[in-house]
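Taking it in order: structure first as structure tokens, then the write-up.
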Amino acid sequence: MCGIVGYIGNKSVVDILVNGLSQLEYRGYDSAGVAVQTSSKIKVYKAEGKLENLSSVLMQHKSEFADSTMGIGHIRWATHGAPNVINAHPHTCNCGNLVIVHNGIIENYKELKVKLEAKGAKFRSQTDTEAVAHLIAYKYEETKDLTEAVRLATQELDGAYALCVMHNNEKNKLIATKRNAPLLVGVGEDEYYVASDVPAIIPYTKKAMYLNDNQIVELSRSEMKLFNSNGEPIPQKVEILPWEPVALSKMGYKHFMLKEIHEQPDVIRNILVGKLHSADSQITLDEVKLDKQTLKDLNRIQIIACGTSLHAAMIGKYIIENFCGIAVDVEASSEYIYRKTVTDKHTLVIGVSQSGETADTLTAIKQAKARGSHILIITNRPDSAMAREADSLVPVNAGIEVSVAATKSYIAQLVSFYLLALYMAEIKGSLDESVLKSLKSELTLVPQKIEQILSHKEDIQKCAQHYANTKDFIYVARGINFPTALEGALKLKEISYINATGYPAGELKHGPIAMLDESMPVLSILMKGSVYEKLLSNSEEAKARNARMIALTNSTSEKLKELFEFIIEVPDIQELLSPLIAMVPLQLIAYYIAEYLGKDVDQPRNLAKSVTVE
Ligand code: M6R
Numbered sequence: 000m001c002g003i004v005g006y007i008g009n010k011s012v013v014d015i016l017v018n019g020l021s022q023l024e025y026r027g028y029d030s031a032g033v034a035v036q037t038s039s040k041i042k043v044y045k046a047e048g049k050l051e052n053l054s055s056v057l058m059q060h061k062s063e064f065a066d067s068t069m070g071i072g073h074i075r076w077a078t079h080g081a082p083n084v085i086n087a088h089p090h091t092c093n094c095g096n097l098v099i100v101h102n103g104i105i106e107n108y109k110e111l112k113v114k115l116e117a118k119g120a121k122f123r124s125q126t127d128t129e130a131v132a133h134l135i136a137y138k139y140e141e142t143k144d145l146t147e148a149v150r151l152a153t154q155e156l157d158g159a160y161a162l163c164v165m166h167n168n169e170k171n172k173l174i175a176t177k178r179n180a181p182l183l184v185g186v187g188e189d190e191y192y193v194a195s196d197v198p199a200i201i202p203y204t205k206k207a208m209y210l211n212d213n214q215i216v217e218l219s220r221s222e223m224k225l226f227n228s229n230g231e232p233i234p235q236k237v238e239i240l241p242w243e244p245v246a247l248s249k250m251g252y253k254h255f256m257l258k259e260i261h262e263q264p265d266v267i268r269n270i271l272v273g274k275l276h277s278a279d280s281q282i283t284l285d286e287v288k289l290d291k292q293t294l295k296d297l298n299r300i301q302i303i304a305c306g307t308s309l310h311a312a313m314i315g316k317y318i319i320e321n322f323c324g325i326a327v328d329v330e331a332s333s334e335y336i337y338r339k340t341v342t343d344k345h346t347l348v349i350g351v352s353q354s355g356e357t358a359d360t361l362t363a364i365k366q367a368k369a370r371g372s373h374i375l376i377i378t379n380r381p382d383s384a385m386a387r388e389a390d391s392l393v394p395v396n397a398g399i400e401v402s403v404a405a406t407k408s409y410i411a412q413l414v415s416f417y418l419l420a421l422y423m424a425e426i427k428g429s430l431d432e433s434v435l436k437s438l439k440s441e442l443t444l445v446p447q448k449i450e451q452i453l454s455h456k457e458d459i460q461k462c463a464q465h466y467a468n469t470k471d472f473i474y475v476a477r478g479i480n481f482p483t484a485l486e487g488a489l490k491l492k493e494i495s496y497i498n499a500t501g502y503p504a505g506e507l508k509h510g511p512i513a514m515l516d517e518s519m520p521v522l523s524i525l526m527k528g529s530v531y532e533k534l535l536s537n538s539e540e541a542k543a544r545n546a547r548m549i550a551l552t553n554s555t556s557e558k559l560k561e562l563f564e565f566i567i568e569v570p571d572i573q574e575l576l577s578p579l580i581a582m583v584p585l586q587l588i589a590y591y592i593a594e595y596l597g598k599d600v601d602q603p604r605n606l607a608k609s610v611t612v613e
């Protein structure tokens, strides 16, 4: 979380910093701030809340930085200290000569604070970052060399950081460094850009250098120098970013989330091209680097992920076990990393992440890698930290997802799991030819089925508005769609703040049924197949407790009308592919409820798109 930017060159810096921060707002929006080198001294401007508040502050001070060409900026997702102006970055040392921006968490900041206070430092904020500002300032007093001061200070830090630093005495120097947090340097003509992520620099340059942990980069207008943690100069690896500047436009939609929901049919078509040629030919998945014999012998897979990606992973488990007969464990990365996990070189470990930067998942895959497992990464960001750890990299190619609530990246992860499971099943010979053929052929029809759903989204909107004022919401399903129920509930929770929960329908009677009464909406994901009748019975049980029943179904049975007060019909599809269809109306329900309630759909409170702290 948090995003940092920096610039040194000959252009007007404030626009570059603010544009960069606007591209990083997905990383947090609790506060924003910039520090710029003016002709007299460094000046700091900050505002609580979204970037637009900072822009208003900057407008009032325009004349102070008209000629400034060097500065740093920050967008915050609060970890230590409330989201207010005092805790907003940039932070300074007591004399105000040194300014820093930071993404990450300094785990030993309390110990550092005690030591620094003993030396005379006066802390003004509740942040962990301020300790770093004071620490570097003391090191600078000793060394009079900003690069060396940063190097010495970072040796005393525990935890994760990406830092960008400036000092009043160094009017042509910007220092950046990182450990366990993303950071790259964009290289222009007599100018350099620093950013947590590509979108902040891609409008200006495609040449960039990713920093590795503990490397320190020293930037002046004419030169870039790179050092290792011993302070020794090391070679620089500048690469051309495989990205085009994208105008992040809502294309006429009210919110990015709605636009991204509508992009899903094309996202699926895009993924299938070149991989699924026809129902009769084998899946091509060159991204999987395990040799065929190893894949045939594989008897254990672990999948690790968080949030929405975790729900995609649960469906991944279901289909890999079903298609390939390989045992799969799925675990939240945040749990996986703090127990004695049994992983070795015979285990395939799959990390799933939209951003490829989620700290818990990144740590988990590093742990598994250290134990010798082959690491397969399914991500929407082939340039991410996780991608760089991958032995096999499966990009999901959903395109940039702006809305904090993941939609198209989830569907893209699911399609990637289908391709992977089918690919492995073909190698293992674990599925009947006819089953394989019918799965492949129906997979190609999914985009148009989703388009059918989108074409009658007004019915779903009506249903959403009908239930918008509820306090709680329950989603139930069984089998392959249980994770769909979890994901439907997560979508609703995160953008409408309604207390929504997903249950395996068979579990209702073991406790949750006690909550049911005439005020509780229960949505049954009632897709035809092996558990249809069972789920129907569970829905009857809920109806008998007066719950407000809603069905999401591909059944046209007239009987359903007696049981459900609302029926959302979706196109017919075989059970094993049904999560791809069932999720879309649930995304729309969450969207329309949140929109009806006037919530900030694309940037819900307390969340960030990329969770780079554990
Ligand atoms: O980038 P990742 O897929 O690793 O992110 C994991 C979760 O933080 C993410 O899915 C989160 O739950 C989303 N806000 C869901 O909409």
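Using numbering that gives the first Met the number 0, the first residue of the sequence shown is number 0, and each one after it goes up by one. Note that CB positions come from ideal geometry on N, CA and C, so glycine has one too.
When you measure from the CB of residue i to every non-hydrogen atom of ligand 1, does any distance come out below 6 Å?
i      : result
Ser352 : yes
Gly306 : yes
Val610 : yes
Val403 : yes
Thr357 : yes
Contact check, residue i vs residue j under 8 Å by CB: the rounded distance?
i      : j      : result
Tyr474 : Leu522 : 5 Å
Val33  : Leu50  : In fact, because the Cβ distance is near 10 Å, the residues do not count as touching under 8 Å.
Gly384 : Gly355 : Reading the sequence as shown, one finds Ala at residue 384 and not Gly. Correct: roughly 6 Å between the Cβ atoms.
Val612 : Ala159 : 7 Å
Ile7   : Arg220 : 6 Å
Met526 : Asn480 : 6 Å
Val13  : Leu57  : 6 Å
Leu419 : Leu284 : 7 Å
Phe565 : His465 : 7 Å
Looking only at its chain, what residues have a beta carbon closer than 6 Å to the beta carbon of residue i, apart from the 5 residues adjacent to it on each side?
i      : result
Gly315 : Ile302 and Phe416
Val287 : Ser391
Pro482 : His310, Met313 and Ile314
Ile174 : Leu145, Thr146, Val149, Val164 and Glu217
Arg299 : Ala326 and Thr346
Glu320 : Val327
Give me, in chain order, the residues of the same chain whose beta-carbon lies closer than 8 Å to that of residue i; leave out the 5 immediate sequence neighbours on both sides.
i      : result
Ser55  : Ala46
Glu169 : Leu145
Met208 : Leu183, Val184, Val186, Val216, Met223, Leu225, Gln235, Lys236, Val237 and Glu238
Lys121 : Asn93
Tyr496 : Lys598, Pro603 and Arg604
Arg123 : Ile85 and Glu129
Lys614 : The shown model of the chain, from 0 to 613, leaves out residue 614, and the question about it has no answer.
For residue i, which residues of its own chain have a beta-carbon under 7 Å away from its beta-carbon, when the five flanking residues on both sides are left out?
i      : result
Asn537 : Val475, Ala504, Gly505 and Leu507
Val341 : none
Lys448 : Pro570, Ile572 and Ile580
Pro381 : Leu392 and Pro394
Lys368 : Ile374 and Glu388
Thr37  : Glu63, Phe64 and Ser67
Leu297 : Ile325 and Leu347
Gln451 : Pro570
Gln281 : Glu425
Glu106 : Asp157 and Gly158
Pull the bridge partners of residue i from the DSSP assignment, please.
i      : result
Phe472 : Ala499
Arg75  : Ser30
Pro639 : Look at the range of the chain in this structure, 0 to 613, and you will see that residue 639 is not part of it.
Gly256 : Here the sequence assigns Met to residue 256, which means Gly is not the residue at that position. Met256 is not bridged to any residue.
Asn102 : Ala161
Gln36  : Ile41
Ala614 : The structure shown does not extend to residue 614, since the chain is modelled only from 0 through 613, so no value can be given for it.
Thr91  : Val98
Pro232 : Phe226
When you compare the CB of residue i with every CB in chain B, is at least one pair closer than 7 Å?
i      : result
Ser440 : Absent from the structure: chain B. Only one protein chain is present.
For the stretch 291-335, which segments carrying the alpha helix (DSSP H) assignment without a break, of at least 4 residues, lie completely within its bounds, in sequence order? Taking only runs of at least 4 residues, the alpha helix (DSSP H) segments lying wholly in the stretch 291-335 are 291-296, 306-323 and 332-335.
Runs of beta strand (DSSP E) lying entirely within the stretch 535-599, each at least 3 residues, in chain order: The DSSP assignment places complete beta strand (DSSP E) segments of no fewer than 3 residues inside the stretch 535-599 at 547-552 and 565-568, in order along the chain.
Go through the stretch 196-223 residue by residue and report every complete run of the beta strand (DSSP E) that reaches 3 residues or more, in order. For the beta strand (DSSP E) assignment, the uninterrupted runs of no fewer than 3 residues enclosed by the stretch 196-223 are, from N- to C-terminal side, 206-209 and 215-218.
In the stretch 399-472, which residue ranges form an unbroken alpha helix (DSSP H) of at least 4 residues, counting only runs that do not cross its ends? Unbroken alpha helix (DSSP H) runs of no fewer than 4 residues, entirely contained in the stretch 399-472, are found at 407-427, 432-442, 445-454 and 456-466, following chain order.
Could you pull out every unbroken alpha helix (DSSP H) segment of at least 4 residues lying fully inside the stretch 93-158, listed in chain order? Here the runs fully enclosed are 108-117, 128-142 and 145-153.
In chain order, which beta strand (DSSP E) runs of at least 3 residues are fully inside the stretch 162-196? Listed in chain order, the complete beta strand (DSSP E) runs (minimum 3 residues) inside the stretch 162-196 are 169-178, 183-186 and 191-194.
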